[in-house]
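>
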Amino acid sequence: MNFPIVTASPCPVLLSLKFSARSSDRELLRPSAGRRCGAGAVKTRSVHGATAAGSFPETRTSVKRPPLRVENEYQRGGAWVYLAAWDVRRAKVFGRCETENGIGPFDRLVADVMAQQPYRSATRVFWIVHNCSAHRGSKAVNRLKSSWANLVLLHTPVHASWLNQIEIYCSIVQRKVLTPNDFRSLTEVKDCLLGFQTRYAQIAKPFQWAFTRRDLAELLSKRASSSKAKAA
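One point on numbering: in the numbering used here, the residue at position 62 of the sequence shown is 64, and numbering is uninterrupted.
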């Protein structure tokens, strides 16, 4: 029997400005009024939330020479944490925007999925997650099991979230929705995230996952042998 397999991430995507070094900077970013700004320059990484940035048109000089290069200035105005889950076999995506990360928001995502068929009546539903604090360890396993008796929570190895297929969907969102990082309000960010989610659900197909258990065992064996050689 093929049991449903759902992969989930409570903190998939963060857009941060090139001068922002703190992962806690999860606010909506906008250009401050009255300042000369060039084209927006941002970098992306998979951390805690979905943020956005806007910028003024490119600053030009009054004479014929290359455009003046200036730094962008932004004002922070809030953020969403976008939580997403992916059905590996059925290619279904579920997601919601929350104002913060944590146990409550993650459990609400789980409730959204488990209330639907075929998950509600399945014998077992496997949830694959990484080791985020919202669902880490045996306490999370017991908490979710007490609410949904057919839910089986599985954790990827530490520092191996790339084994979770939800990360593939998160990278798609990052490229297709959050780049370029140019939004004017939190409402616009939410509408874009959930609108893309609905659109993607209509055309999605299962990812062609080629990394098998045998591949993982061979990789771990090679790393173990390398560690022993270095220790010797």
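We put the CB at the ideal spot given by N, CA and C, even for glycine.
Within 10 angstroms of the Cβ of I170, are there 16 or more other Cβ atoms? Answer buried if so, exposed if not.
Exposed, since its Cβ has fewer than 16 Cβ neighbours within 10 Å.
> Count the other C-beta atoms from every protein chain shown that fall within 10 angstroms of the C-beta of K45, then say buried if there are 16 or more, exposed otherwise.
Because the pLDDT at K45 is just 24, under 50, the model does not fix this residue reliably, and the value given afterwards should be weighed accordingly. It is exposed - the Cβ of K45 has fewer than 16 other Cβ atoms within 10 Å.
> Select from S229, S140, T181 and D114 the residue whose C-alpha is nearest the C-alpha of H157.
Ranking S229, S140, T181 and D114 by Cα distance to H157 puts S140 first.
> Buried or exposed, going by whether 16 or more other CB atoms sit within 10 Å of the CB of F185?
Label assigned to F185: buried.
> Count the other C-beta atoms from every protein chain shown that fall within 10 angstroms of the C-beta of W211, then say buried if there are 16 or more, exposed otherwise.
Answer is exposed; the Cβ neighbour count stays below 16.
> Using a Cβ-Cβ cutoff of less than 7 Å, which residues in the same chain neighbour A2 once the five nearest sequence positions on both sides are dropped?
A question about residue 2 goes unanswered here, because the residues of the chain that appear run from 3 up to 234.
> Considering only their Cβ atoms, is the gap separating E100 from V127 smaller than 7 Å?
Taking 7 Å as the Cβ cut-off, V127 and E100 do not qualify as a contacting pair.
> Taking only the alpha-carbon atoms, compute the straight-line gap between L188 and A81 and give it to the nearest angstrom.
Between L188 and A81, the C-alpha separation is close to 7 Å.
> Buried or exposed: where does D89 fall if 16 or more other Cβ atoms within 10 Å of its Cβ makes it buried?
D89 should be labelled buried.
> Can the beta-carbon of V154 be found less than 7 Å from the beta-carbon of N133?
It is not a contact, given that the beta carbons lie outside the stated cut-off.
> With respect to the alpha helix (DSSP H) encompassing L180, which residues constitute its N-terminal and C-terminal limits?
Careful: L180 lies outside any alpha helix (DSSP H) and carries neither H nor E.
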